[in-house]
Amino acid sequence: MYDDRTPGGADGSIAHAKASDVRKMIVIGTDADTTALALGIAARHDDVWATVGLHPHDA
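For the sequence shown, my numbering begins at -4 and goes up steadily by one.
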């Protein structure tokens, strides 16, 4: 969702999901960078939550 290759970015993906009746979403962070992005996305949307984590390969 936070990948630059995602058309419309995270906000566009969320808007598309809402238009398809998706009510709640989770954005996954697997390293420091994606966790920060996930937290930012979740902060902008009341119906999106972020997971915070570190993939074992990055430990």
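Yeah, the Cβ is synthetic: ideal placement off N, Cα and C, and Gly gets one too.
Annotation: Arg18 to Asp53 spans about 32 Å, alpha carbon to alpha carbon. Around the CB of Ala27, fewer than 16 other CB atoms lie within 10 Å, so the residue is classed as exposed. When beta bridges are read from the DSSP output, Val22 appears opposite Ala45. In the displayed model, Pro51 falls within a helix according to three-state DSSP.
Per DSSP, the continuous alpha helix (DSSP H) segment holding Arg39 begins and ends at Ala27 to Arg39.
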